[in-house]
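So the structure is just underneath, and the comments pick up after that.
Protein chains: 4
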Amino acid sequence: MNPLKVTVWGENVHERQSELIRGIYPQGMHNCIADGLNEAPDIQATTATLQEEEHGLTVEKLAETDVLTWWGHRAHGDVSDEIVERVARRVNEGMGLIVLHSGHYAKIFKRLLGTTCSLTWREAGEKERLWVCNPGHAIVQGLGPYFELEHEEMYGEPFGIPTPDEQIFISWFAGGEVFRSGATWRRGAGKIFYFRPGHESYPTYYDANVKLVIKNAVRWARPEAPAWKDAAPNIPVDKAPEKITAWVRP
Amino acid sequence: MNPLKVTVWGENVHERQSELIRGIYPQGMHNCIADGLNEAPDIQATTATLQEEEHGLTVEKLAETDVLTWWGHRAHGDVSDEIVERVARRVNEGMGLIVLHSGHYAKIFKRLLGTTCSLTWREAGEKERLWVCNPGHAIVQGLGPYFELEHEEMYGEPFGIPTPDEQIFISWFAGGEVFRSGATWRRGAGKIFYFRPGHESYPTYYDANVKLVIKNAVRWARPEAPAWKDAAPNIPVDKAPEKITAWVRP
Amino acid sequence: MNPLKVTVWGENVHERQSELIRGIYPQGMHNCIADGLNEAPDIQATTATLQEEEHGLTVEKLAETDVLTWWGHRAHGDVSDEIVERVARRVNEGMGLIVLHSGHYAKIFKRLLGTTCSLTWREAGEKERLWVCNPGHAIVQGLGPYFELEHEEMYGEPFGIPTPDEQIFISWFAGGEVFRSGATWRRGAGKIFYFRPGHESYPTYYDANVKLVIKNAVRWARPEAPAWKDAAPNIPVDKAPEKITAWVRP
Amino acid sequence: MNPLKVTVWGENVHERQSELIRGIYPQGMHNCIADGLNEAPDIQATTATLQEEEHGLTVEKLAETDVLTWWGHRAHGDVSDEIVERVARRVNEGMGLIVLHSGHYAKIFKRLLGTTCSLTWREAGEKERLWVCNPGHAIVQGLGPYFELEHEEMYGEPFGIPTPDEQIFISWFAGGEVFRSGATWRRGAGKIFYFRPGHESYPTYYDANVKLVIKNAVRWARPEAPAWKDAAPNIPVDKAPEKITAWVRP
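First to last, the protein sequences are chains A, B, C and D. Everything in the first sequence is counted per the working numbering, starting at 2 for the first residue and increasing by one. Everything in the second sequence is counted per the working numbering, starting at 2 for the first residue and increasing by one. Everything in the third sequence is counted per the working numbering, starting at 2 for the first residue and increasing by one. Everything in the fourth sequence is counted per the working numbering, starting at 2 for the first residue and increasing by one.
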């Protein structure tokens, strides 16, 4: 098989504005996520950021992307609607999409799911324990029954999403909340996975289990067929599978 | 129970531009659909159209609407994005939405489903036979195993939708195609029903079976609870259900 | 509307074998659950138990039951396969089914869902907090964002179920686990709700929130149409909707 | 990748009882289906039949089967309940299952889906046209928008199934009916595909498109992880992820 081409999209704002975040992710969060993916010989990850022309998501770049990962937080509103539509079209054509953490409020996620994508939250650096809901699923291979992140932001239910196709993880938080922290949906030919962890002020994307899940997820989200180009063709009367004649209004 | 308040939204363009369509629907398609609904004593239907201020869908009007029906075709692009977002918000709060025929390409339908909503089509006035897929569903009560429309536009698969929550009708066309012509989805607290029939150049909304289905559908889509207002509240440490202390970065 | 006819089925074994359980539920768990339902003027609940002839679930009794609730634990294997098939048929016809707690392993639940229905468990009388996943759903009306049970058995993920149609509750346990403690499915014309709480050694079915949820749930599960009788009719050539002639093998 | 191990199960009754069917499938339908699969170098198909000991589905045979295909019709009742449970367990562990044609009424299909699986039918050798509902799905790769079978039995809606995870095909019949002729579900770790064509009295399993779909389907249904063994472990207090003490009844 050809290597899996992943584009890691990063908002790249916190890292530039905050010394604290830059201390954790000196090359930016997107490069840390891409480095994790590139540990796997079958994956070829590159990056794109908000600040690049067309946010780094040109028609050409997306055309050759098998799976796109998305992390954004502070600057959701700065993402151009045109690029959002372009990404939505590619997902419907078959490109995989992995939405990370605060990406729950990204335009592209709300555009594809149709719901509010709201949740409750608290930043207290508390413990998160992610439970595996289906040990037979490709995305959780290599994990035990659960894994923990010692310090994370809390996200709590109700999470404003349509019923997932598959529930992959549910999180337990020390402060008493729960959250559907891993879930999948399909839109057109494209597979979508939402994965909760990854607040910018914790070193979550260095965590071995988190890296493993993201690797598994991009493999799972790989297109299963050549891009399916959207079309709404007219089928004229003489091309109908059954012989018919057009009705003539009396 | 209080009467069910339905707002019938109509694009109201074909009726004003074409003598043929005006001949079929002299008061506009929206008024014909509303008249059908108002045959039922438990339903109170009013109308709103593209040409009115805010397309007739003011905050107040939507706040008191239990179920909105949507017919549009030629002027999807003229519907303001702001109004689309307003309707999407109300659906997530619990307002029912019935999308009719060419509304498959309405901004609001694509916004809520997240897919292309594309299909194939042919206008030959051919016969459509709608089969009931689940005779135990509320929306099909009063129908037999199928009903027919002598002259309709053809819509064919592939229909670019996410898997429906429930498949209600599938259509057979004389020209040889099939189509998922009745299907439901839930977005937040709101119920959505797509119903295929209703091309402007045929008297479909006078058909007794079509009128019955739309009546059943608005009753089925009635909100089951008071509007659920979107929010993403912060839960501070001292309001966490379990006693925790915020982590102090070392 | 006519009163909603609910049959509360109870295994009725623990109560007869254990003084501790009898002390909590002197009339049996089934009578406590039925009493809770009968607080509502629109609900008419009666009981049936394993020990009765045909387990109290005769053809006649089921025919007049709108919604059946099911609690079993120790004696799942003693339920006759014939009665299980009879109940499954009625659910497919439209009868609602509420499966409670250890009923996750009841023959009828596995028969309808098709999966293992397995889970992890611990009996330590620990705290359970049930979070509402969709505040706009009929089943959670009257609740706040969550409610707590001070002492309950723990059930943990992975819960071996097909993806629910709707996720209603997720539980947080003091010992660190999570569980999909409220979920719905549809089978044929019938609505199914699984609700986790209710271990026999705690007074859970006296809890005001638990009673409220069960009341809401039976109303939600009410049949939406007359019973849909299963059939697989032959449609002979001369009854085909389109005129065809049978192919004659050459 | 290792070759995909497929077991083709055949009821093998019509072929032995009827000269007509034997004329079409001299080696039995199961051998024809297996031959089609074995055209692919990545697939290794063997057969098993009702008449063999344990219907050819021993624990060992199933343990090494990646995907099982199932054709039965006249003798559903002769399949032992124990073997049905064994197959259901393997599906939940991750084995793929392809159910063909009249297998809609097989014990294993009803056991896994939970519904009646009923439908309407007519044997008139009429034309069936199968439309692709999602051109981006792995199962339809290599097909055009539709394919036709000149002579087939008719199956019609309502088809008594739970909402599929994915709708793959819908059939149009010359006699006027429609049918959800290709659909998927997941049970535990196992993927299920139902595929309608294949009445015993037509040479359907020699058809190039039918053979292609079955090849695609077994590849799609391949287990995505090692078998997930069912368990319902007790997690004692001292193994709880969070330190708790068992509640002592006052």
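Built from N, CA and C at the ideal position, the CB exists for glycine as well.
Quiz prompt | G1/D versus I162/C - alpha carbon distance | solution = Outside the modelled stretch of chain D, which goes from 2 to 251, sits residue 1/D, for which no answer is possible.
Closer than 7 Å, CB to CB, is V179/C near chain A or not? Locating residue 179/C in the third sequence gives position 178, counting from the first residue. Yes - at least one Cβ of chain A is within 7 Å of the one on V179/C.
How would you write the range of the beta strand (DSSP E) that H152/A sits in, first residue to last? Walking along the first sequence from the start, residue 152/A turns up at place 151. Run containing H152/A: 147 to 157, per the beta strand (DSSP E) assignment.
Simplified DSSP state of I84/B, which is helix, strand or coil:
Sequence index remark: in the second sequence, residue 84/B carries index 83 (1-based). DSSP places I84/B in helix when its eight states are reduced to three.
Query raised in the report: What residues in the stretch 106 to 139 of chain D have a beta carbon less than 7 Å from any beta carbon of chain B?
Result: R130, W132, V133, C134, N135, P136
### Residue-level contact to chain B via CB, A241/C, 7 Å cutoff
On the third sequence, position 240 is the one that residue 241/C refers to. By this cut-off, A241/C is not an interface position.
- Task: Please classify T121/C: does DSSP put it in a helix, a strand, or coil?
- Result: Taking the third sequence and counting its residues from 1, the one referred to as residue 121/C is at position 120. T121/C falls in the strand class under three-state DSSP.
(Q) If I measure Cβ to Cβ from G37/C and keep anything under 6 Å in the same chain, skipping five residues before and after, which residues do I get? (A) Taking the third sequence and counting its residues from 1, the one referred to as residue 37/C is at position 36. K212, listed in sequence order.
Practice task
Between the Cα of S103/D and those of M96/D, G97/D, V85/D, R75/D, spot the shortest distance and give me the residue it belongs to.
Solution key: Translated into the one-based positions of the fourth sequence, residue 103/D becomes position 102. Considering only alpha carbons, the answer is R75/D.
Contacts of I245/A in chain B (Cβ-Cβ under 7 Å)
Residue numbering aside, residue 245/A sits at position 244 when the first sequence is read from its first letter. Here the neighbours are A125, E127, A175, G176.
May I have the straight-line CA-CA distance separating A125/A from E129/B, to the nearest angstrom? By one-based count along the first sequence, residue 125/A stands at place 124. By one-based count along the second sequence, residue 129/B stands at place 128. Near 60 Å, if we compare the C-alpha coordinates of E129/B and A125/A.
> For a contact meaning CB atoms closer than 7 Å, what does A232/A contact in chain B?
Replying inline: Sequence index remark: in the first sequence, residue 232/A carries index 231 (1-based). Here the neighbours are S119.
Taking the C-alpha atoms as reference points, what is the distance between I44/B and P4/B?
-> Locating residue 44/B in the second sequence gives position 43, where the first residue counts as 1. Locating residue 4/B in the second sequence gives position 3, where the first residue counts as 1. Approximately 5 Å between the Cα atoms of the pair.
Point to revise | Cβ-based contacts, 8 Å cut-off: residues of the stretch 147 to 165 of chain C near chain D | key: H152, M155, G157, G161, P163, T164
Legend entry - Option nearest Y147/D by Cα separation, candidates Y195/B, G157/B, G143/B: In the fourth sequence, the residue the question calls residue 147/D occupies position 146. Among Y195/B, G157/B, G143/B, the Cα nearest to that of Y147/D is on G157/B.
Original post:
Candidates E55/A, R112/A, A41/A, I34/A: which alpha carbon is nearest T70/A's?
Top reply: Position 69 of the first sequence holds residue 70/A. Checking every option, the nearest Cα to that of T70/A belongs to I34/A.
Span separating the alpha-carbon of H31/D from that of L144/B: Residue numbering aside, residue 31/D sits at position 30 when the fourth sequence is read from its first letter. Residue numbering aside, residue 144/B sits at position 143 when the second sequence is read from its first letter. Distance between the alpha carbons of H31/D and L144/B is about 41 Å.
- Task: Note the first and the last residue of the continuous beta strand (DSSP E) segment covering A49/D.
- Result: Reading the fourth sequence from its first residue, position 48 is the one you call residue 49/D. That run of the beta strand (DSSP E) goes 44 to 50.
Report yes or no: do three or more beta-carbon pairs, one from the stretch 213 to 227 of chain C and one from the stretch 184 to 200 of chain C, lie closer than 8 Å?
-> yes
* Starting from L69/C, follow its DSSP beta bridges and name the residues at the other end. => In the third sequence, counting from the first residue as 1, residue 69/C sits at position 68. Beta-bridge pairing links L69/C to T8/C, L98/C.
Taking the C-alpha atoms as reference points, what is the distance between P159/B and G191/A?
Reading the second sequence from its first residue, position 158 is the one you call residue 159/B. Reading the first sequence from its first residue, position 190 is the one you call residue 191/A. Cα to Cα, P159/B sits roughly 15 Å from G191/A.
Practice item. With DSSP as the reference, please indicate the residues paired to A184/A in a beta bridge. Key: By one-based count along the first sequence, residue 184/A stands at place 183. In the DSSP output, where bridge partners are listed per residue, A184/A has Q168/A, Y195/A.
For K212/D, which of helix, strand or coil comes out of DSSP?
-> By one-based count along the fourth sequence, residue 212/D stands at place 211. In this structure, K212/D counts as helix in the three-state DSSP scheme.
Pick from D67/A, W72/A, E61/A, K108/A that is closest to D82/A, judged by C-alpha positions: By one-based count along the first sequence, residue 82/A stands at place 81. Checked all of D67/A, W72/A, E61/A, K108/A; the closest Cα to D82/A is K108/A.
Review point. What does R187/C reach in chain D if we use C-beta pairs closer than 8 Å?
Key: Numbered from its first residue, the third sequence carries residue 187/C at position 186. Those within 8 Å of R187/C in chain D are P163, T164.
Between G254/A and L101/A, is the Cβ-Cβ spacing less than 7 Å? Only positions 2 to 251 of chain A appear in the structure, and residue 254/A is not among them; the question remains open.
Can you grab the Cα-Cα spacing for the pair S202/C / M96/D, in whole Å? Mapped onto the third sequence, residue 202/C falls at position 201. Mapped onto the fourth sequence, residue 96/D falls at position 95. Roughly 39 Å separates the two Cα atoms.
Worksheet item: When Cβ atoms are compared, which residues of the stretch 76 to 95 of chain C fall closer than 7 Å to chain D?
Response: N93
Express the C-alpha separation of T50/B and W10/B in angstroms, rounding to a whole number.
-> The residue given as residue 10/B occupies position 9 in the second sequence. The residue given as residue 50/B occupies position 49 in the second sequence. Whole-angstrom Cα-Cα distance: 6 Å.
| message | Using 8 Å as the cut-off, can you tell me whether the stretch 51 to 68 of chain A makes contact with the stretch 236 to 246 of chain A, which would need three or more C-beta pairs spanning the two stretches below that distance? | response | no
- Message: On a Cα-Cα basis, can you pick out the residue from I169/A, P204/A, S172/A that is closest to P27/A?
- Response: Position 26 of the first sequence, counting from 1, holds the residue named residue 27/A. The shortest Cα separation from P27/A among I169/A, P204/A, S172/A belongs to P204/A.
- request: Consider the Cβ of V225/A: report whether some Cβ of chain D lies at a distance smaller than 7 Å.
  value: Mapped onto the first sequence, residue 225/A falls at position 224. Here residue 225/A is Glu; the residue named in the question, Val, does not match the sequence. Closer than 7 Å: yes.
request  = Please classify S19/B: is it buried, with 16 or more other beta-carbons within 10 angstroms of its beta-carbon, or exposed?
outcome  = As a first step, residue 19/B is located in the second sequence; it is residue number 18 there, counting from the start. By the 10 Å Cβ count, S19/B comes out exposed.
Report task. Please report how far the alpha carbon of K62/C lies from the alpha carbon of N39/B, in whole angstroms. Result -> In the third sequence, residue 62/C corresponds to position 61, counting from 1. In the second sequence, residue 39/B corresponds to position 38, counting from 1. For K62/C and N39/B, the distance between alpha carbons rounds to 39 Å.
| field | Distance, T47/A Cα to A233/B Cα | value | On the second sequence, position 232 is the one that residue 233/B refers to. On the first sequence, position 46 is the one that residue 47/A refers to. Their Cα atoms are separated by approximately 33 Å.
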